[in-house]
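Visitor:
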Amino acid sequence: MRIAFAALVLIFATAQPNDLPVEQTKKNIKVLQGLPSSQLIPVMAFMSNSLGVTCAHCHTKAWESDEKPAKEVARTMMAMTRAINEQQFGGKLTVTCNTCHQGRVKPIATPDIANAGWNVRPGAPVKASVVAEDAISRFPKTSAEVKRRVVRGRVERYNGRDEPVSGPFTLTIDGNKTTYDTELSHPPEASRALAIYLLAPPGIEKLRGERWLIDGDLVARTRETPTPFGNLPDQIDYADYRNANGVRLPFRAQWSRADYRVTFTVTSIE
453 MRIAFAALVL IFATAQPNDL PVEQTKKNIK VLQGLPSSQL IPVMAFMSNS LGVTCAHCHT
513 KAWESDEKPA KEVARTMMAM TRAINEQQFG GKLTVTCNTC HQGRVKPIAT PDIANAGWNV
573 RPGAPVKASV VAEDAISRFP KTSAEVKRRV VRGRVERYNG RDEPVSGPFT LTIDGNKTTY
633 DTELSHPPEA SRALAIYLLA PPGIEKLRGE RWLIDGDLVA RTRETPTPFG NLPDQIDYAD
693 YRNANGVRLP FRAQWSRADY RVTFTVTSIE
(Lines of atoms letter the chains of each structure in order from A and count residues from 1; the text may use other names and numbers.)
(Lines give C-alpha, C1' and ligand atoms only; values in the text may rest on other atoms or scores of the structure.)
Protein backbone atom coordinates (compact mmCIF):
# COMPACT_ATOMS: atom_id res chain seq x y z
CA MET A 1 0.00 0.00 0.00
CA ARG A 2 1.60 3.23 -1.14
CA ILE A 3 -0.25 6.43 -0.38
CA ALA A 4 0.82 10.00 -1.03
CA PHE A 5 -0.81 12.56 1.23
CA ALA A 6 -0.61 16.32 1.32
CA ALA A 7 -1.64 15.77 4.94
CA LEU A 8 -2.21 12.44 6.65
CA VAL A 9 -5.72 13.15 7.83
CA LEU A 10 -8.70 11.25 6.45
CA ILE A 11 -12.33 11.77 7.32
CA PHE A 12 -15.55 10.03 6.38
CA ALA A 13 -17.94 11.93 4.18
CA THR A 14 -21.66 11.39 4.51
CA ALA A 15 -21.78 10.41 0.86
CA GLN A 16 -18.86 10.43 -1.53
CA PRO A 17 -19.03 10.98 -5.30
CA ASN A 18 -20.20 7.78 -7.02
CA ASP A 19 -20.94 6.30 -3.57
CA LEU A 20 -23.45 3.67 -4.65
CA PRO A 21 -26.14 2.32 -2.32
CA VAL A 22 -24.77 -0.65 -0.43
CA GLU A 23 -27.29 -3.08 -1.94
CA GLN A 24 -25.63 -2.41 -5.32
CA THR A 25 -22.13 -3.25 -4.09
CA LYS A 26 -22.72 -5.98 -1.48
CA LYS A 27 -24.79 -9.16 -1.38
CA ASN A 28 -27.78 -10.02 0.80
CA ILE A 29 -28.56 -6.52 2.09
CA LYS A 30 -32.01 -6.62 3.71
CA VAL A 31 -32.24 -3.69 6.14
CA LEU A 32 -29.64 -1.15 5.05
CA GLN A 33 -30.96 -0.45 1.56
CA GLY A 34 -30.06 3.07 0.48
CA LEU A 35 -27.07 3.34 2.82
CA PRO A 36 -24.03 4.76 0.98
CA SER A 37 -21.49 1.97 0.57
CA SER A 38 -18.81 4.04 2.30
CA GLN A 39 -20.92 3.99 5.47
CA LEU A 40 -21.26 0.21 5.76
CA ILE A 41 -18.04 -0.44 7.70
CA PRO A 42 -18.58 2.49 10.13
CA VAL A 43 -22.13 1.26 10.81
CA MET A 44 -20.93 -2.31 11.40
CA ALA A 45 -18.14 -1.04 13.66
CA PHE A 46 -20.60 1.05 15.67
CA MET A 47 -22.82 -1.95 16.29
CA SER A 48 -19.96 -4.28 17.24
CA ASN A 49 -18.57 -1.63 19.59
CA SER A 50 -21.98 -1.24 21.24
CA LEU A 51 -22.21 -4.99 21.91
CA GLY A 52 -18.54 -5.53 22.75
CA VAL A 53 -18.08 -8.12 20.00
CA THR A 54 -16.14 -8.54 16.77
CA CYS A 55 -17.59 -8.98 13.29
CA ALA A 56 -17.43 -12.76 13.86
CA HIS A 57 -20.41 -12.50 16.24
CA CYS A 58 -22.74 -12.19 13.23
CA HIS A 59 -20.58 -13.03 10.21
CA THR A 60 -18.73 -16.02 8.84
CA LYS A 61 -15.86 -15.70 6.36
CA ALA A 62 -18.58 -15.46 3.70
CA TRP A 63 -19.88 -12.06 4.79
CA GLU A 64 -23.21 -12.41 2.96
CA SER A 65 -24.04 -15.72 4.67
CA ASP A 66 -27.03 -15.95 7.03
CA GLU A 67 -25.57 -18.99 8.78
CA LYS A 68 -25.33 -17.31 12.18
CA PRO A 69 -28.68 -16.54 13.88
CA ALA A 70 -27.18 -13.40 15.44
CA LYS A 71 -27.23 -11.75 12.02
CA GLU A 72 -31.01 -11.91 11.75
CA VAL A 73 -31.31 -10.70 15.34
CA ALA A 74 -29.16 -7.70 14.41
CA ARG A 75 -31.44 -6.92 11.48
CA THR A 76 -34.45 -6.99 13.80
CA MET A 77 -32.73 -4.70 16.29
CA MET A 78 -31.77 -2.21 13.57
CA ALA A 79 -35.36 -2.05 12.38
CA MET A 80 -36.57 -1.68 15.97
CA THR A 81 -34.30 1.25 16.87
CA ARG A 82 -35.11 2.96 13.58
CA ALA A 83 -38.85 2.60 14.30
CA ILE A 84 -38.46 3.92 17.86
CA ASN A 85 -36.63 7.01 16.64
CA GLU A 86 -39.12 7.67 13.85
CA GLN A 87 -42.23 7.12 15.97
CA GLN A 88 -41.12 8.59 19.29
CA PHE A 89 -38.47 11.19 18.44
CA GLY A 90 -39.54 12.60 15.10
CA GLY A 91 -36.79 10.75 13.25
CA LYS A 92 -34.00 12.20 15.40
CA LEU A 93 -31.25 9.70 16.20
CA THR A 94 -31.87 9.30 19.94
CA VAL A 95 -32.00 5.59 20.76
CA THR A 96 -29.02 3.56 19.52
CA CYS A 97 -27.63 0.06 20.04
CA ASN A 98 -25.45 1.46 22.80
CA THR A 99 -28.42 2.97 24.66
CA CYS A 100 -29.22 -0.50 26.02
CA HIS A 101 -26.24 -2.73 25.32
CA GLN A 102 -23.40 -0.64 26.78
CA GLY A 103 -20.74 -3.08 25.59
CA ARG A 104 -22.72 -6.26 26.39
CA VAL A 105 -24.41 -8.73 24.05
CA LYS A 106 -27.34 -9.06 26.45
CA PRO A 107 -28.47 -5.83 28.13
CA ILE A 108 -28.75 -5.97 31.92
CA ALA A 109 -32.43 -5.78 32.86
CA THR A 110 -32.08 -5.68 36.65
CA PRO A 111 -30.63 -2.57 38.31
CA ASP A 112 -27.65 -2.87 40.66
CA ILE A 113 -28.27 -1.89 44.29
CA ALA A 114 -24.89 -0.14 44.17
CA ASN A 115 -26.59 2.43 41.94
CA ALA A 116 -29.34 3.26 44.44
CA GLY A 117 -29.82 6.99 44.91
CA TRP A 118 -28.75 6.87 48.57
CA ASN A 119 -25.62 4.91 47.63
CA VAL A 120 -24.13 7.19 45.00
CA ARG A 121 -20.37 7.43 45.33
CA PRO A 122 -18.05 10.01 43.82
CA GLY A 123 -16.82 8.93 40.43
CA ALA A 124 -13.16 8.50 39.62
CA PRO A 125 -11.50 11.75 38.59
CA VAL A 126 -11.61 12.26 34.85
CA LYS A 127 -8.42 13.39 33.15
CA ALA A 128 -8.97 16.75 31.56
CA SER A 129 -8.91 16.91 27.79
CA VAL A 130 -8.89 19.92 25.53
CA VAL A 131 -10.37 20.57 22.12
CA ALA A 132 -7.94 20.40 19.22
CA GLU A 133 -8.26 24.12 18.52
CA ASP A 134 -6.76 24.81 21.96
CA ALA A 135 -4.06 22.16 21.71
CA ILE A 136 -2.66 22.52 18.20
CA SER A 137 0.34 24.35 19.63
CA ARG A 138 1.33 21.15 21.46
CA PHE A 139 2.26 19.34 18.27
CA PRO A 140 6.03 18.67 18.22
CA LYS A 141 7.86 21.67 16.80
CA THR A 142 10.39 21.08 14.05
CA SER A 143 12.87 23.72 12.94
CA ALA A 144 11.96 25.44 9.69
CA GLU A 145 15.41 24.48 8.43
CA VAL A 146 14.41 20.80 8.42
CA LYS A 147 12.91 19.94 5.02
CA ARG A 148 12.88 16.14 5.13
CA ARG A 149 12.09 13.40 7.64
CA VAL A 150 12.02 9.64 7.18
CA VAL A 151 10.27 7.47 9.77
CA ARG A 152 10.75 3.69 9.64
CA GLY A 153 9.33 0.88 11.71
CA ARG A 154 6.72 -1.86 11.81
CA VAL A 155 2.96 -1.63 11.61
CA GLU A 156 0.70 -4.27 13.18
CA ARG A 157 -2.97 -4.91 12.38
CA TYR A 158 -5.31 -6.72 14.79
CA ASN A 159 -9.06 -7.28 14.55
CA GLY A 160 -9.83 -9.70 17.38
CA ARG A 161 -10.85 -12.43 14.92
CA ASP A 162 -7.47 -13.38 13.47
CA GLU A 163 -3.92 -13.44 14.77
CA PRO A 164 -2.13 -10.07 14.57
CA VAL A 165 -0.14 -9.50 11.39
CA SER A 166 2.63 -6.99 10.88
CA GLY A 167 5.08 -5.66 8.34
CA PRO A 168 7.57 -2.84 7.78
CA PHE A 169 6.52 0.70 6.93
CA THR A 170 8.29 3.85 5.79
CA LEU A 171 6.91 7.36 6.13
CA THR A 172 8.76 9.92 4.01
CA ILE A 173 8.10 13.63 4.49
CA ASP A 174 9.80 15.71 1.81
CA GLY A 175 8.71 19.33 2.05
CA ASN A 176 4.95 19.41 1.51
CA LYS A 177 4.82 15.87 0.11
CA THR A 178 4.22 12.95 2.43
CA THR A 179 4.38 9.32 1.28
CA TYR A 180 3.48 6.27 3.35
CA ASP A 181 4.73 2.88 2.13
CA THR A 182 3.74 -0.52 3.49
CA GLU A 183 2.64 -3.85 2.06
CA LEU A 184 0.33 -4.46 5.02
CA SER A 185 -3.27 -3.49 4.36
CA HIS A 186 -5.18 -1.71 7.12
CA PRO A 187 -7.99 0.86 7.42
CA PRO A 188 -6.69 4.04 5.77
CA GLU A 189 -8.02 6.09 8.70
CA ALA A 190 -5.25 4.56 10.84
CA SER A 191 -2.68 6.69 9.03
CA ARG A 192 -4.07 9.72 10.88
CA ALA A 193 -1.85 8.57 13.74
CA LEU A 194 1.21 9.44 11.64
CA ALA A 195 0.32 13.13 11.39
CA ILE A 196 2.42 13.79 14.49
CA TYR A 197 5.58 13.15 12.44
CA LEU A 198 4.83 15.86 9.89
CA LEU A 199 7.26 18.77 9.75
CA ALA A 200 4.38 21.16 10.48
CA PRO A 201 1.05 20.49 12.21
CA PRO A 202 -1.97 19.75 10.00
CA GLY A 203 -4.36 22.63 9.48
CA ILE A 204 -6.81 23.04 12.33
CA GLU A 205 -9.71 22.29 9.98
CA LYS A 206 -8.34 18.73 9.73
CA LEU A 207 -8.41 18.30 13.50
CA ARG A 208 -11.62 20.08 14.42
CA GLY A 209 -13.93 17.87 16.48
CA GLU A 210 -11.10 16.02 18.19
CA ARG A 211 -10.33 16.09 21.90
CA TRP A 212 -6.76 15.73 23.10
CA LEU A 213 -5.38 14.38 26.35
CA ILE A 214 -2.08 16.03 27.23
CA ASP A 215 0.14 14.93 30.10
CA GLY A 216 3.41 16.67 29.37
CA ASP A 217 3.35 15.16 25.89
CA LEU A 218 0.37 14.61 23.61
CA VAL A 219 -0.95 11.30 24.91
CA ALA A 220 -4.22 10.68 23.08
CA ARG A 221 -6.51 12.08 20.41
CA THR A 222 -10.18 11.08 20.34
CA ARG A 223 -13.03 11.86 17.99
CA GLU A 224 -16.51 10.66 17.07
CA THR A 225 -17.63 10.05 13.49
CA PRO A 226 -21.39 10.25 12.86
CA THR A 227 -23.06 7.21 11.29
CA PRO A 228 -26.78 6.66 10.57
CA PHE A 229 -26.98 4.52 13.72
CA GLY A 230 -24.88 6.54 16.18
CA ASN A 231 -21.48 8.16 16.68
CA LEU A 232 -18.50 5.86 16.15
CA PRO A 233 -15.48 6.68 18.36
CA ASP A 234 -11.88 6.17 17.47
CA GLN A 235 -8.73 7.01 19.39
CA ILE A 236 -5.05 7.62 18.70
CA ASP A 237 -2.57 6.94 21.52
CA TYR A 238 1.06 8.07 21.59
CA ALA A 239 3.80 6.68 23.83
CA ASP A 240 7.54 6.07 24.18
CA TYR A 241 8.61 9.66 23.50
CA ARG A 242 12.29 10.13 22.68
CA ASN A 243 14.58 12.79 21.30
CA ALA A 244 14.86 12.47 17.53
CA ASN A 245 17.27 14.94 15.96
CA GLY A 246 16.32 17.62 18.45
CA VAL A 247 12.56 16.98 18.38
CA ARG A 248 10.66 15.00 21.03
CA LEU A 249 8.57 12.44 19.13
CA PRO A 250 6.69 9.26 20.04
CA PHE A 251 8.16 5.93 18.93
CA ARG A 252 4.78 4.26 19.34
CA ALA A 253 1.52 5.43 17.77
CA GLN A 254 -1.68 3.41 17.91
CA TRP A 255 -5.05 3.91 16.20
CA SER A 256 -8.03 2.07 17.68
CA ARG A 257 -11.61 1.60 16.54
CA ALA A 258 -14.15 -1.14 17.18
CA ASP A 259 -13.15 -3.13 14.11
CA TYR A 260 -9.37 -2.71 14.14
CA ARG A 261 -6.34 -1.75 16.18
CA VAL A 262 -3.34 -0.58 14.17
CA THR A 263 -0.02 -0.04 15.96
CA PHE A 264 2.99 1.74 14.51
CA THR A 265 6.26 0.93 16.29
CA VAL A 266 9.03 3.24 15.12
CA THR A 267 12.60 1.96 14.87
CA SER A 268 14.29 5.03 13.38
CA ILE A 269 13.63 8.69 12.59
CA GLU A 270 16.08 10.41 10.27
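Yeah, the sequence shown ends on 722 if you go by our numbering, and it's all consecutive. All residues carry an ideal CB built from backbone N, CA and C; glycine is no exception.
Contact check, I625 vs L650 under 8 Å by CB: the rounded distance?
Guide: In the sequence shown, the residue the question calls residue 625 occupies position 173. In the sequence shown, the residue the question calls residue 650 occupies position 198. Contact flag correct, Cβ pair sits at about 6 Å.
Visitor: Three-state secondary structure (DSSP) at L492?
Guide: Looking up residue 492 in the sequence shown gives position 40. Three-state result, L492: helix.
Visitor: I'd like the list of long-range same chain contacts for K482, defined as Cβ closer than 8 Å, with 5 residues on each side in sequence excluded.
Guide: For the purposes of this step, residue 482 is taken as residue 30 along the sequence shown, with counting starting at 1. R527, listed in sequence order.
Visitor: Any idea what DSSP makes of F716, helix, strand or coil?
Guide: By 1-based counting over the sequence shown, the position of residue 716 is 264. Looking at F716 - three-state DSSP - the assignment turns out to be strand.
Visitor: If you pair each beta-carbon of the segment 506 to 521 with each one of the segment 712 to 720, do three or more pairs fall below 8 Å?
Guide: Too few Cβ pairs lie closer than 8 Å, so no.
Visitor: Closest Cβ-Cβ distance between V699 and chain B: below 7 Å?
Guide: Among the chains of the structure shown, chain B does not appear; only one protein chain is present.
Visitor: Let's test the definition: count the other Cβ atoms within 10 Å of the Cβ of A456 and tell me whether it reaches 16, buried, or not, exposed.
Guide: Taking the sequence shown and counting its residues from 1, one reaches residue 456 at position 4. Because the pLDDT at A456 is just 46, under 50, the model does not fix this residue reliably, and the value given afterwards should be weighed accordingly. Label assigned to A456: exposed.
Visitor: Among T630, T719, A587, N695, which one has its Cα closest to the Cα of R663?
Guide: Numbered from 1 along the sequence shown, position 211 holds the residue referred to as residue 663. Taking only the C-alpha atoms, the option nearest R663 is A587.
Visitor: With three or more beta-carbon pairs closer than 8 Å as the criterion, would you say the segment 541 to 549 touches the segment 484 to 503?
Guide: Yes, the segment 541 to 549 touches the segment 484 to 503.
Visitor: With a CB to CB cut of under 7 Å and the five nearest residues on each side skipped, what residues in its chain are close to V583?
Guide: As a working note, residue 583 is residue 131 in the sequence shown. Excluding residues within five positions, the ones whose Cβ falls inside 7 Å are R663.
Visitor: Report buried or exposed for E676, applying the criterion of at least 16 other Cβ atoms within 10 angstroms of its Cβ.
Guide: Taking the first residue of the sequence shown as 1, we reach residue 676 at position 224. By the neighbour-count rule (16 or more Cβ atoms within 10 Å), E676 is not buried but exposed.
Visitor: Could you check whether the segment 618 to 636 touches the segment 592 to 607, counting it as contact only if at least three pairs of C-beta atoms, one from each stretch, sit closer than 8 Å?
Guide: As far as the Cβ criterion goes, the segment 618 to 636 touches the segment 592 to 607, which means the pair count is three or higher.
Visitor: For a test of the three-state rule: what should DSSP assign to Q554, helix, strand or coil?
Guide: Reading the sequence shown from its first residue, position 102 is the one you call residue 554. Q554 falls in the coil class under three-state DSSP.
Visitor: Short check: CB of L393 to CB of P592, under 7 Å?
Guide: Outside the displayed range of the chain (453 to 722) lies residue 393, so it cannot be described from this structure.
Visitor: Could you give the first and the last residue of the continuous beta strand (DSSP E) run that contains D724?
Guide: Absent from the model: residue 724. The displayed extent of the chain is 453 to 722, so no value can be given.
Visitor: Using beta-carbon positions only, say whether V718 and G619 come within less than 7 Å of one another.
Guide: Indexing the sequence shown from 1 puts residue 718 at position 266. Indexing the sequence shown from 1 puts residue 619 at position 167. Contact: no.
Visitor: Below 8 Å on the Cβ atoms is my guess for T679 versus Q554; work out the distance and round it to an integer in Å.
Guide: The residue you call residue 679 lines up with position 227 of the sequence shown. The residue you call residue 554 lines up with position 102 of the sequence shown. With a Cβ gap of about 18 Å, T679 and Q554 do not count as contacting.
Visitor: Determine, using beta carbons only, whether A508 and R613 come nearer to each other than 7 Å.
Guide: As a first step, residue 508 is located in the sequence shown; it is residue number 56 there, counting from the start. As a first step, residue 613 is located in the sequence shown; it is residue number 161 there, counting from the start. Cβ atoms of A508 and R613: closer than 7 Å.
Visitor: Just to confirm, are R556 and I666 a CB contact at a threshold of 7 Å?
Guide: The residue you call residue 556 lines up with position 104 of the sequence shown. The residue you call residue 666 lines up with position 214 of the sequence shown. No.
Visitor: Restricting to Cα atoms, I'd like to know which of A691, P577, G661, T674 is closest to E585.
Guide: Counting from 1 along the sequence shown, the entry for residue 585 is found at position 133. Measuring from the Cα of E585, the nearest candidate turns out to be G661.
Visitor: Please classify K629: does DSSP put it in a helix, a strand, or coil?
Guide: Locating residue 629 in the sequence shown gives position 177, where the first residue counts as 1. Strand.
Visitor: So what's D586 in DSSP terms, helix, strand or just coil?
Guide: Residue 586 sits at position 134 when you count from the first residue of the sequence shown. Helix at D586.
Visitor: Quick check on this structure: which residue in M530, A568, L636 has the alpha carbon closest to the alpha carbon of P616?
Guide: Sequence index remark: in the sequence shown, residue 616 carries index 164 (1-based). The option with the nearest alpha carbon to P616 is L636.
Visitor: Once you ignore the five residues that flank P559 on each side, which residues in its own chain have a CB closer than 6 Å to its CB?
Guide: Within the sequence shown, numbered from 1, the residue matching residue 559 stands at position 107. Contacts found: C552, H553.
Visitor: If you drop the 5 nearest sequence neighbours on each side, which residues of the same chain put their C-beta closer than 6 Å to that of I565?
Guide: Stepping through the sequence shown from its first residue, residue 565 is reached at position 113. Hits under 6 Å: none found.
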